[in-house]
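Take this note's numbering: the last position of the sequence shown gets the number 1291, and nothing is skipped along the way.
Data first, discussion second: the structure below is written as structure tokens.
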Amino acid sequence: MLTRSIIAGLEVLDGRVVNKTKFDKVADVGDPAELSAIYSGEGADELVLLDVSASKEKLPPFFGMIERVAKRVAIPLSVGGGILTIDDIIRLVSSGADKVFLNSMFVEDPLLFARAAPWVGPQALVAAVRARRQGEGWVVDVKSGTEQTEVDAIEWAKTVTDCGAGELLVTSLDREGTKNGFDLDFLRELTWRVNVPVIASGGTGTKEEMADALKIGEADAVLAASASHPSELSIRELKQFVASKGLPVRL
């Protein structure tokens, strides 16, 4: 059985880490570099940093913040938000990001993966699949969950992996920030249909739900966002619980 990963997720608004519910109410949690160092020290396998300000306001990525965070962590760093061009991707990797994840731009141009790969390598390119349930299936949402398309999320995920995406970061917008658990049906359907690692995101509130995403949803990793802030469950506690359920993790 492949080793599962627990990934710490931080969302940044105006240069500060925030905890939120469906991009509505937000609470200031702390400094991105300081919190990233804490999660790295706690044993997180990776770190995901989303610049919400850049995504919502069509601003370029905050490269200086990425440089500060990269200097404080000893684990892979994935970043997203405000990425519009191949030059943005190259500069983020040069600033210290190990991976970049993209959503909105790939709906219109999935072949961008193939064009970007020669510059940064396919291992650095992650497709962020943000989906919402519609009828018996799921459709893609873009622009930080504020614009729904009619694009089938499963088929779109297959398209971007066929174009060269090396990993999928999957968020159920119906569950994001609610702490009602992952959409296990969506996760299971997606993992069966693609042949790249799948990271589950959006909705986790308990260690039991996180283990379910890995075991029942068959995800390769889970992104602990609201569940991983210091006042709640720690990364170390989450990993110990997942291991107790018979799932291999790095302790």
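Note that beta-carbon positions come from the ideal geometry of N, C-alpha and C, so glycine has one too.
Note that the structure is predicted; figures quoted are calculated from it, not measured.
Between residue 1115 and the ligand MN, is the CB less than 7 Å from at least one heavy atom?
The ligand MN is not part of the structure shown, which contains no ligands of any sort.
Spatial neighbours of residue 1203 within its chain, please: CB distance less than 6 Å, with the 5 preceding and 5 following residues excluded, ordered by chain position.
1150, 1151, 1153 and 1154
Residue range of the beta strand (DSSP E) that residue 1181 falls in?
1177-1182
For residue 1113, which of helix, strand or coil comes out of DSSP?
coil
Span separating the alpha-carbon of residue 1278 from that of residue 1262:
10 Å
What does DSSP give as the partner residues of residue 1207 in its beta bridges?
1166
Please check the pair residue 1067 and residue 1264, which I expect to be a contact at CB under 8 Å, by giving their CB distance rounded to whole angstroms.
That belief does not hold up - the Cβ atoms of residue 1067 and residue 1264 are roughly 17 Å apart, past 8 Å.
Residue closest to residue 1080, alpha-carbon to alpha-carbon, out of 1112, 1100 and 1250
1112
Answer with buried or exposed for residue 1159, where buried requires no fewer than 16 other C-beta atoms within 10 angstroms of its C-beta.
exposed
Sequence-distant residues of its chain with Cβ nearer than 7 Å to residue 1164 (five each side left out):
1133, 1138, 1139 and 1140
Below 8 Å between beta carbons: does that hold for residue 1290 and residue 1043?
yes
Taking the continuous alpha helix (DSSP H) assigned at residue 1252, which residues delimit it?
1247-1255
Return yes when the Cβ of residue 1120 is within less than 8 Å of the Cβ of residue 1142, no when it is not.
yes
With a threshold of 16 other CB atoms inside 10 Å of the CB of residue 1099, please say whether the residue is buried or exposed.
exposed
Assuming residue 1287 and residue 1259 form a contact by the criterion Cβ under 8 Å, report the distance between their Cβ atoms to the nearest whole angstrom.
In fact, because the Cβ distance is near 11 Å, the residues do not count as touching under 8 Å.
Grouping DSSP H, G and I as helix and E and B as strand, with all else coil, what is residue 1161?
coil
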